[in-house]
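Undergrad:
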Amino acid sequence: MFEARLVQGIMLKKVLEATKELIQEANFEVSAAGINLQAMDSSHVSLVALNLRSDGFEHFRCDRNFSMGLNLNNMDKMLKCAGKEDVITIKAEDGGDTVTFLFETPNQERVSEFELKLMDITSENLGIPETEYSATVRMPSGEFQRIVKDLGTIGDTVEIGVSKDGIKFSANGDIGSANVMCRQNTHADKEDEQTLIDMNEPVNLTFALRYLASFTKATALSPAVTIKLSKELPVVVEYKVADFGFVRYYLAPKIEDEEMEGE
Amino acid sequence: MFEARLVQGIMLKKVLEATKELIQEANFEVSAAGINLQAMDSSHVSLVALNLRSDGFEHFRCDRNFSMGLNLNNMDKMLKCAGKEDVITIKAEDGGDTVTFLFETPNQERVSEFELKLMDITSENLGIPETEYSATVRMPSGEFQRIVKDLGTIGDTVEIGVSKDGIKFSANGDIGSANVMCRQNTHADKEDEQTLIDMNEPVNLTFALRYLASFTKATALSPAVTIKLSKELPVVVEYKVADFGFVRYYLAPKIEDEEMEGE
Amino acid sequence: MFEARLVQGIMLKKVLEATKELIQEANFEVSAAGINLQAMDSSHVSLVALNLRSDGFEHFRCDRNFSMGLNLNNMDKMLKCAGKEDVITIKAEDGGDTVTFLFETPNQERVSEFELKLMDITSENLGIPETEYSATVRMPSGEFQRIVKDLGTIGDTVEIGVSKDGIKFSANGDIGSANVMCRQNTHADKEDEQTLIDMNEPVNLTFALRYLASFTKATALSPAVTIKLSKELPVVVEYKVADFGFVRYYLAPKIEDEEMEGE
């Protein structure tokens, strides 16, 4: 039997907002340690990894490990029916073919039960190696979202460069060009408003803006985003889920030779 | 001559919002007692009844009873031009072919006159018998609207069951099922936030969600909605118009035999 | 070399909002006195004139007069990337083929550079003669916008009449007619909420509502609008740009004979 009760039910709503655009169907791997999900987007270009640790739940019981195959759009439809203040409980019987989402208002006046059918989904677990990155930038998530959106009106790709001074985003298109420089800033009153650069060596990589735009659907999850960059490695874009998990996105950089061939 | 001056002009704007989706054209029956309207929706499935008592108007003069045939979408277009604070006066001459809506800002700086053409509309007055219902539920109108909207993402019909504990809404669909239980709650601070169950015998009836969704366009009219249910009778969904009237919707339940045939 | 630094960068964003619907491409004429633009809309019915005086800029340097041909939609796309609080600097090299927009957040943390390609645009400068108008009305710009929008739901043209008492807007259409009277009002607390009539002789002119609707895209620029009317002359609809400029729209009245022919 599996049962997990989350007082901050809204975090689960935001997790779905953050993932359903990229992933249509996925297996949630449930164990005593928590809930994990890892999936490529439907075009097999980017990867999403979700982790929710069991200690973040008010109550978490998982008698044996299992995979919960779900259509994320249908799951999102049901979670949209939970109120912002609702406590959400996820329940599944061993060997059952449904998962139940229970939504309770804080005063227990309204109790809703939504039952979603499980699916058989073949998934490959990709095993992402832990790496040390050349540059790690932590910046306000709203700022990152805005830059990605703005540059998307100018071009299709963005060049991201990190130097000691800051992180620079550049795009080119038919109507002209744009570059946006965010300077290191450790003096903002709130930690989440700071821009922090941790750099071993300068990096300069190019990415498709449309995938970054999908990643920024996670902006509501956290006021800060962490971006990790290394030459020839996929960028990692990470949003914390409160203090008990994360949503991470991976996207391979565009290789210059490929680009030249394409032109 | 007919002239009716409504200081809370916004209530008239909300009445149109609440009715124009279901009814395209209708006769407003005007008498010294007030304004009445009764009409089937265009698919002849649900019925809308509106009552505005003359004592709710600052000034109400009606020399002789008459029918005012109006296109509700056009009337709504004109009422949308009234400000939220505007005083609205409705005027019609005996035997004229137009009705005039006069909008005055509280300080009289802007005075607008909108003249709408009258129409000849054949209407049957249906005479709704007064009945005692098995169950009457009074609940927050926003809560009802939300449940109807949420269940509409799951299925096409809703089963509404009333017991002593509360009112339960259930729906089924391709992706799964949902049921929402609202418990009796007489302790909310504001009366309008209470959920009150008045039940002679338990009832369990099934309705088409799309009509209920149209009924909830009246949510802005009142913070509370009253739902009256009896076996084999149309449900009544009622919203008060301030303290001088109401909008009531009637919808026949789905009969199980019919449903089974349909399957 | 041309360089102009505007602390209230948002005013430039609003100027583009106010003009890009009517004008697709135009020459910004730059001189030591400031920036001017004058262009007919694409259907050659209305005229837009923009003036931004150099003294409104924190820094303004223009070594020699020149024309800056720009696509206003592309310029607007770039200015939309400036934040509300951003300082905007416009820069162009002599003989260059681009203009650069520099956006700086007040704390200098984010600095963005957008480079837009210049265009060769043939423009005729039309020379608008200064005239004394029969009637000048100053009214809240939001009120004017609202009336234009409301009457647009009733008809295609508006008759504007000014008398000593106020300004009256009338429209007719298939569903009925409307007229809105705004009375002179010199007692409003804030000057911008006053409606002031300055009249030498009564006027009554008819205009196409769709152009007036485009003019009201300038509403965000200023809380007040000034409307100048004379028989057989184009109406002038003017919005101030802070205390250093204006956007003015000109639209010829419909001539009654023409209208009769048209029917």
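Protein chains in written order, with the numbering used here: chain A, 592 to 854; chain B, 592 to 854; chain C, 592 to 854. We treat Cβ as the ideally placed atom computed from N, Cα and C, and that holds for glycine.
Which value, in whole angstroms, describes the spacing of the CA atoms of glutamate 723 (chain C) and leucine 787 (chain C)?
TA: Whole-angstrom Cα-Cα distance: 17 Å.
Undergrad: What does asparagine 618 (chain A) touch in chain B if you count any residue whose Cβ is under 7 Å from its own?
TA: Near asparagine 618 (chain A) there are no residues of chain B at all, since even the closest Cβ is about 17 Å away, more than 7 Å.
Undergrad: Only counting the same chain, and skipping five residues up and downstream in sequence, which positions put a Cβ closer than 7 Å to that of glycine 764 (chain A)?
TA: Answer for glycine 764 (chain A): Ile745, Gly746, listed in chain order.
Undergrad: Just list the residues that DSSP pairs alanine 762 (chain A) with in beta bridges.
TA: Per DSSP, A:Ala769.
Undergrad: By the three-class DSSP mapping on this structure, what secondary structure does valine 636 (chain B) have?
TA: Coil, per DSSP.
Undergrad: Nearest by alpha-carbon distance to methionine 710 (chain B): which of C:Ile766, C:Asn776, C:Gln599, C:Ala815 is it?
TA: Of C:Ile766, C:Asn776, C:Gln599, C:Ala815, the residue nearest in Cα terms is C:Ile766.
Undergrad: What would DSSP say about glycine 836 (chain A), mapped onto helix, strand or coil?
TA: In this structure, glycine 836 (chain A) counts as strand in the three-state DSSP scheme.
Undergrad: To which residues of the same chain is threonine 817 (chain A) closer than 6 Å at the C-beta, ignoring the five residues directly before and after it?
TA: Closer than 6 Å at the Cβ level, and outside the excluded window around threonine 817 (chain A), lie Arg729, Glu829.
Undergrad: If you pair each beta-carbon of the stretch 698–706 of chain C with each one of the stretch 666–674 of chain C, do three or more pairs fall below 8 Å?
TA: These segments touch.
Undergrad: What are the partner residues of glutamine 599 (chain C), as DSSP defines its beta bridges?
TA: Bridge partners of glutamine 599 (chain C): none, in fact.
Undergrad: Could you give the DSSP three-state label for isoleucine 679 (chain B): helix, strand or coil?
TA: It is a strand residue.
Undergrad: Hey, does lysine 682 (chain B) have any beta-carbon neighbour from chain C nearer than 7 Å?
TA: No, lysine 682 (chain B) lies away from the interface with chain C (no Cβ there is under 7 Å from its Cβ).
Undergrad: Please confirm if methionine 772 (chain C) has its CB atom under 7 Å from at least one CB of chain B.
TA: Interface residue, yes.
Undergrad: Report the option in B:Ile626, B:Pro731, B:Cys653 whose CA atom is closest to the CA atom of phenylalanine 837 (chain B).
TA: Comparing Cα positions, the closest option is B:Ile626.
Undergrad: Could you tell me whether the stretch 786–804 of chain C touches the stretch 712–720 of chain B, using the rule of 3 or more Cβ pairs below 8 Å?
TA: Contact between the stretch 786–804 of chain C and the stretch 712–720 of chain B is absent, because fewer than three Cβ pairs lie under 8 Å.
Undergrad: Residues of chain C with CB closer than 9 Å to the CB of threonine 744 (chain A), please, in chain order.
TA: Within 9 Å Cβ-Cβ: Lys668, Met669, Lys671, Cys672.
Undergrad: Any idea if threonine 777 (chain B) is buried or exposed, counting beta-carbon neighbours within 10 angstroms, 16 or more meaning buried?
TA: Exposed.
Undergrad: In three-state terms, what does DSSP make of asparagine 791 (chain C)?
TA: Correct three-state label for asparagine 791 (chain C): coil.
Undergrad: Does the Cβ-Cβ distance between phenylalanine 619 (chain B) and methionine 659 (chain B) come in under 7 Å?
TA: Yes, the Cβ-Cβ distance between phenylalanine 619 (chain B) and methionine 659 (chain B) is below 7 Å.
Undergrad: Quick check on DSSP: helix, strand or coil for tyrosine 802 (chain B)?
TA: In this structure, tyrosine 802 (chain B) counts as helix in the three-state DSSP scheme.
Undergrad: Leaving out five residues on either side along the sequence, give the residues of the same chain with a beta carbon under 6 Å from the beta carbon of alanine 831 (chain B).
TA: Correcting the residue identity first, residue 831 (chain B) is lysine in this sequence and not alanine. Answer for lysine 831 (chain B): Ser813, Phe837, listed in chain order.
Undergrad: Would DSSP call methionine 710 (chain C) helix, strand or coil?
TA: In the structure shown, methionine 710 (chain C) sits in coil (DSSP, three-state: anything other than H, G, I, E or B).
Undergrad: Using 7 Å as the threshold, is the C-beta distance between methionine 602 (chain B) and aspartate 654 (chain B) below it?
TA: Not in contact: methionine 602 (chain B) and aspartate 654 (chain B) (Cβ atoms no closer than 7 Å).
Undergrad: Among B:Thr713, B:Asp783, B:Leu820, B:Gly733, which has the Cα closest to the Cα of glycine 752 (chain B)?
TA: Here the closest residue by C-alpha is B:Leu820.
Undergrad: With DSSP as the reference, label methionine 669 (chain C) as helix, strand or coil.
TA: If DSSP states are grouped into helix, strand and coil, methionine 669 (chain C) belongs with the helices.
Undergrad: Could you give the residue range of the beta strand (DSSP E) that holds glutamine 736 (chain B)?
TA: Counting along the chain, glutamine 736 (chain B) falls outside any beta strand (DSSP E), though it belongs to the alpha helix (DSSP H) covering 732–743.
Undergrad: Thinking C-beta only, is glutamate 612 (chain A) closer than 7 Å to isoleucine 712 (chain A)?
TA: Not a contact, by the Cβ cut-off of 7 Å.
Undergrad: Measure from the C-beta of valine 678 (chain B) to each C-beta in chain C and report whether the shortest distance is under 7 Å.
TA: No, valine 678 (chain B) lies away from the interface with chain C (no Cβ there is under 7 Å from its Cβ).
Undergrad: Could you check if glutamate 852 (chain A) is buried or exposed, using at least 16 other CB atoms within 10 Å of its CB as the buried criterion?
TA: Annotation note: pLDDT 40 at glutamate 852 (chain A) (below 50); position unreliable, coordinate value reported separately. Under this definition glutamate 852 (chain A) is an exposed residue.
Undergrad: For chain A, find out if any of its Cβ atoms is closer than 7 Å to the Cβ of alanine 769 (chain B); answer yes or no.
TA: So, interface residue.
Undergrad: On the three-state DSSP scale, how would you describe leucine 663 (chain A)?
TA: Here leucine 663 (chain A) sits in helix by DSSP.
Undergrad: Checking 7 Å against the spacing of the C-beta atoms, do lysine 598 (chain C) and isoleucine 614 (chain C) come in under that value?
TA: Per the sequence presented here, residue 598 (chain C) reads as valine, with lysine not at that position. Result no, Cβ atoms of valine 598 (chain C) and isoleucine 614 (chain C) do not sit closer than 7 Å.
Undergrad: Give me the DSSP bridge partner(s) of asparagine 776 (chain C).
TA: Per DSSP, C:Thr786.
Undergrad: In terms of DSSP beta bridges, what is glycine 757 (chain A) paired with?
TA: Beta-bridge pairing links glycine 757 (chain A) to A:Arg774.
Undergrad: Might you give, ordered along the chain, the residues of its own chain that have their beta carbon closer than 6 Å to the beta carbon of threonine 727 (chain A), omitting 5 neighbours on each side?
TA: So the qualifying residues of the chain are Asp789, Lys819.
Undergrad: Exposed or buried, what is serine 633 (chain B) when buried is set at 16 or more other beta-carbons lying within 10 Å of its beta-carbon?
TA: Label assigned to serine 633 (chain B): exposed.
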